[in-house]
Every structure is written in C-alpha cells, then in structure tokens.
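Each residue of the sequence shown is one higher than the one before, starting from 35 at the first, in the working numbering. The C-beta atom is built at its ideal place from N, Cα and C for all residues, glycine as well. None of these values were measured; they are calculated from a predicted model. Structure record follows, encoded as structure tokens.
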Amino acid sequence: MKNLFTYTLLFLYPFLIFSQDEEVTDGKDLFMDGVVKLTDNGLVLETADCLWPGTWSLGGVENENTGDKKADKLAKKQNKKVAKTLKKWEKRVTKADGQIDGMQVRGVFGSREGFFSPTKMWKPWKKPVPYSTTYNAAAYVALSNLSNLNASMNLVKSFETLAAAVIADIYRGWVWDMYQRTQDLKDRSRMLDWKGENPIASIESGLELYTYDIPNKKCNSIGMDEVMAMDSVLRGNIKQANKTIVEGIAGIAVGVKLFDLALKKAKEDPLGNAAVIVGVTEAMALQTRILGDLKR
Numbered sequence: 035m036k037n038l039f040t041y042t043l044l045f046l047y048p049f050l051i052f053s054q055d056e057e058v059t060d061g062k063d064l065f066m067d068g069v070v071k072l073t074d075n076g077l078v079l080e081t082a083d084c085l086w087p088g089t090w091s092l093g094g095v096e097n098e099n100t101g102d103k104k105a106d107k108l109a110k111k112q113n114k115k116v117a118k119t120l121k122k123w124e125k126r127v128t129k130a131d132g133q134i135d136g137m138q139v140r141g142v143f144g145s146r147e148g149f150f151s152p153t154k155m156w157k158p159w160k161k162p163v164p165y166s167t168t169y170n171a172a173a174y175v176a177l178s179n180l181s182n183l184n185a186s187m188n189l190v191k192s193f194e195t196l197a198a199a200v201i202a203d204i205y206r207g208w209v210w211d212m213y214q215r216t217q218d219l220k221d222r223s224r225m226l227d228w229k230g231e232n233p234i235a236s237i238e239s240g241l242e243l244y245t246y247d248i249p250n251k252k253c254n255s256i257g258m259d260e261v262m263a264m265d266s267v268l269r270g271n272i273k274q275a276n277k278t279i280v281e282g283i284a285g286i287a288v289g290v291k292l293f294d295l296a297l298k299k300a301k302e303d304p305l306g307n308a309a310v311i312v313g314v315t316e317a318m319a320l321q322t323r324i325l326g327d328l329k330r
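See the structure below:
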C-alpha cells in the first residue's frame, strides 16, 4: 500500500508543488486571499484558503518579551511597522463600507494565537475607465499575443504619433489583460493542494488533499480516486500555467515600453495630463506586482 501511495505521489507531485508555490514563498511568508473587514477590535481577514481557513485578526505577532533586549527591540519595531500599515488600511476599508473583497495579504504567523501579521496588502484592481473617447480596446488586442514579442514591440513603436491619453489607455488595457491572466493562473493553481509542510513526509500518516471550488469560494477535501479523475484537467492547467508564466515574464518588456512612451507623451503637457500620469503610474505599480506573482 505504501508503494502505491508513493507511486501516486510521484504522479501528483508536479501539481502539488505548483499549488504550494502559489501559497508560500521564502519559506516563511504566506499569501492568502479573502475578505478584509473592519471590526470593533480592528481588521480581520476572512479566508477560505485550503491550508489556513477561517477568520484571522490582523496585527503584530512578534514576541516583545523574550528577555533578549536586542530581539525585543527588533520585535517592537516590527510590530509598530505592522500597526502603521494597518492604520492606513483601516481608513481604506472604512471608505469601502467596512470591507474589501478579493484582497491578497502577504504575511506571517507568530506568537499571538489567532493573529496573522501582514507585511504587504493588495486590493483587487478594477477595469480601468478610458481617458480617451476614441480608445478602442479591440484595435489593440494583438498586443496580448505574447508568443510573438517582436511583433508586439514593433506595434508599440507605431503608437508614437498617438495622443498621450490614448497611449495611456492602451497601456492600462494591456496591464488589465495581464492582471486577468495572472488571476486566472492563481485560480488554476489552487485546484489541487495538500496539507502539511512536506507531502513525502505525509505518506506515513496519509496525504490530505484538497481542491478549491472557485465559484463558491470553498475548500473541499478530496480522495485519491477523485484526483486521478482530474488527471487531464490538471495536466492542462500545468501546461497553460507554464505558458502564461514564460510569456508573461518575457512580455513585461512590452509593458515597460508602453509605460515609457505613455509617460513621455503625458509629460509634454504635465498639467493637462495630470490624471493620465497618475493612472499610468498606478498601472506600472500593478505591472510590478504581476511580475512578482509570475516569478513566485
């Protein structure tokens, strides 16, 4: 029976590793998606994450009373940094009527039970509203074909005569497309997950497998037979994910080129294009986040 489990694990391992890479990075930090709400006791994160489901209070988790003065000083500094970040987010959540759906929170667990300490928080990006009335997204769909980067880069060069607002719309539309692709990649990667730090070490006690029900935002336990039945879908997901990651990382050059061109054009009339400059800068921040997600 153990040999059967081992053989099955070898079959599953590529999918499991891909899934876990979505959740954990640097060996410590976790990435969790969910709803951030403001309560009487501060901000909380409600998540259906397969590994860490439930409601977590957000706050500092470093132990400030270890007896080691140097360590305690660093812990206090880190906890204050977290408190400062949360204070900013409390204002944002308050403006959003007390909660923000689709949040991604990067952070760590620590000595405080029931608490998750955020090091970075991101809210979902909304589809950008065009600045120009002449912008037609369908006319620039070729930019999304990242399998032909040379053609995309040449297409960007042809935009040099366009108005700043139009170039900004093209760039933000491109970033929006990349954002949607990355979000889809995240969803696909959560189709199969396991509980435990090491799947191989879990064989003795039995491997706990989970799948994430995306439409209903639920995590369900599944058996080995169900996983085997998902074979073709899982392989398809891995193939699509690899394609998205490779093309996405290489295609960032297209985004950088568009950003440079949009900003250059907008700065020809900085006062008249103030809103455009802000929008383009925000899109670049999201592009940087997307690149980080793809590399993760």
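Shown here for aspartate 67: same chain residues with a beta carbon closer than 6 angstroms to its own, the five before and five after excluded, namely Gln138 in chain order. No residue range can be given for lysine 157, since it is assigned to no alpha helix (DSSP H) and is classified by DSSP as neither H nor E. Closest by C-alpha distance to alanine 300, out of Gln217, Arg222 and Asp203, is Asp203. For valine 78, the enclosing beta strand (DSSP E) stretches over residues 76–81. Under DSSP, tyrosine 246 takes part in a beta bridge, and its partners are Cys253.
With 16 or more other Cβ atoms from the protein chains shown falling within 10 Å of its own Cβ, aspartate 83 counts as buried. When secondary structure is reduced to three states using DSSP, valine 95 falls in the coil class, being assigned neither helix nor strand. Secondary structure in the region 146–229: the beta strand (DSSP E) runs of 3 residues or longer, each lying completely within the stretch, are 149–156 and 227–229 in chain order.
When secondary structure is reduced to three states using DSSP, tryptophan 90 falls in the strand class. Only residues of its own chain outside the window of five on either side were considered, and among them Thr216, Ile279, Gly282 and Ile283 have a CB closer than 7 angstroms to the CB of leucine 328, listed in chain order.
Taking a contact as a CB-CB distance under 8 angstroms, the pair glycine 141 and aspartate 63 counts as one, their CB atoms being some 7 angstroms apart. For lysine 107, the enclosing alpha helix (DSSP H) has its first and last residue at 103–129. Using a C-beta cut-off of 8 angstroms, the region 309–320 makes contact with the region 154–171, since at least three inter-stretch Cβ pairs fall below that distance. Of the residues assessed, arginine 126 falls on the exposed side of the cut-off, its CB having fewer than 16 other CB atoms within 10 angstroms. Closest option to alanine 117, judged by alpha-carbon separation, among Val175, Lys252, Glu96 and Ala172: Glu96. Taking the Cβ atoms as the reference, asparagine 254 lies roughly 16 angstroms from arginine 222, outside the contact range of under 8 angstroms. Leucine 189 is positioned such that its CB atom lies no closer than 8 angstroms to that of glycine 285. Annotated three-state conformation of threonine 73 is strand, per DSSP. Put simply, the backbone Cα of isoleucine 311 is about 15 angstroms away from that of glycine 207.
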